[in-house]
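Take the sequence shown: its letters are residues 1 to 268, numbered as in this note's numbering. Below is one structure, written out as structure tokens; comments come after it.
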Amino acid sequence: MTGETILLPLLLGLLEGLTEFIPVSSTGHLLLAGHFLGFESAGKTFEVVIQLGAVLALLTIYFGRLWGVLRAAPRDAQSRRFIAAVLIAFLPAAVIGVLAHDIIKTVLFETPALIATMLVLGGVVLLFVDRMAPAPRHDDAMRLPIPTALTIGFFQVLAMVPGVSRSGATIVGALLMGVNKRAAAEFSFFLSMPTMAGAVAYDLFQNRAVLDLSAIHEIAIGFAMAFVAGAVVVKWLLGYVSRHGYALFGWWRIVIGGIALAGLFLVG
């Protein structure tokens, strides 16, 4: 392996892990980075598989808590309601994702200007909602009412457009539904597990004929980097947003999206 074949997957894996669970669009960042760095894998194998590194990091951190919920579910109504809330919130994205898969992958994912624009617009929305959201009524991500969870799930559908951000859409939806900032981030974590696992599995199945597994070393490097960076971000994020909110991420989106639009304009 050359230095370049090690450095690029390291950088992209780091980017995936750092951005997957914060509301700045990891997919948008990866696609824009790949565009400007000239990196693309057949069937998006690399970009898809390294997301599992971030999912695994999240599952590792929350394993004890989730295992406790699953064990208690047969006898505990609250545990069953939490599981139902996550699965019901997952359904809108699952249905729309399957129906619109080809358009998302062949049109939306191939339009860098759209991605950069959505980063900027999403940043403006996040700044507004962070400041103007209604007073919170829910402070426990594991006790959200089913209708609230379903509404958050419909917001997640907006993230089918790259650059919107899955976590950004769900967090904005949760804040508008009266969920406090910490619980909004945590429910976004829980919802990401079935959503990302399902999306990766379906995407790999759909692209099975063109998957490029020859670059297994690059994939392994990116996967490992995404795992480590994702674990660090998850442990840090809840405390940060409890104290400071989401304004930092709104400005992050605007700056990165603006730089990308300028770069696309200059390159032509």
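No residue lacks a Cβ here, since even glycine has one placed at the ideal position from N, Cα and C.
Check, Outcome
"I'd like the ranges of any alpha helix (DSSP H) spanning at least 4 consecutive residues and lying wholly in the stretch 93–140.", "101–106 and 112–132"
"Does the count of Cβ pairs from the stretch 120–135 and the stretch 243–253 closer than 8 Å reach three?", "yes"
"Helix, strand or coil, according to DSSP, for Val164 in the structure here?", "coil"
"Give a yes or no on whether the C-beta atoms belonging to Gly173 and Thr151 are separated by under 8 Å.", "yes"
"For Leu87, I'd like the list of residues in its chain whose CB is within less than 8 Å of its CB, leaving aside the five on either flank, ordered along the chain.", "Pro194"
"Could I get the ranges of all uninterrupted alpha helix (DSSP H) runs contained in the stretch 169–216, with 4 residues as the minimum, in chain order?", "181–206"
"Which residue wins for smallest C-alpha separation from Phe189, given the options Gly258, Phe63 and Met225?", "Phe63"
"Thinking C-alpha only, which one of Ala93, Asp102, Arg253 and Ala135 is nearest Phe155?", "Ala93"
"Measuring alpha carbon to alpha carbon, tell me which residue in Thr45, Gly53 and Ala229 is nearest Leu208.", "The residue you asked about is not Leu; residue 208 is Arg in the sequence shown. Comparing Cα positions, the closest option is Thr45."
"Whole angstroms are fine: how far does the CA of Arg81 sit from the CA of Leu18?", "31 Å"
"Could you tell me the alpha carbon to alpha carbon distance between Phe39 and Ala33, rounded to whole angstroms?", "8 Å"
"How many Å lie between Leu70 and Phe21 at the Cα?", "23 Å"
"Name the residue from Val255, Leu264, Gly239 and Val234 whose alpha carbon lies nearest to the alpha carbon of Ala60.", "The amino acid occupying residue 60 in the given sequence is Thr; Ala does not appear at that position. Comparing Cα positions, the closest option is Val234."
"Please list, in chain order, all residues of the same chain as Asp269 whose beta carbon is under 7 Å from its beta carbon, the five residues on each side excluded.", "A question about residue 269 goes unanswered here, because the residues of the chain that appear run from 1 up to 268."
"Leaving out the 5 sequence neighbours to the left and right, which residues in its chain are closer than 6 Å to Leu175 when beta-carbon positions are compared?", "Val129, Ala133 and Ala184"
"Would you kindly work out how many angstroms separate the C-alpha atoms of Ile50 and Asp203, rounded to a whole number?", "13 Å"
"Classify Ile22 as helix, strand or coil using the three-state DSSP reduction.", "coil"
"How long is the line joining the alpha carbons of Leu56 and Gly28, rounded to whole angstroms?", "21 Å"
"Kindly list the residues whose CB is nearer than 6 Å to the CB of Phe227, restricted to its own chain and excluding five residues on each side of it in sequence; keep chain order.", "Gly53, Leu56 and Ala57"
"How about Met196 and Gly163: do their beta carbons lie closer than 8 Å?", "no"
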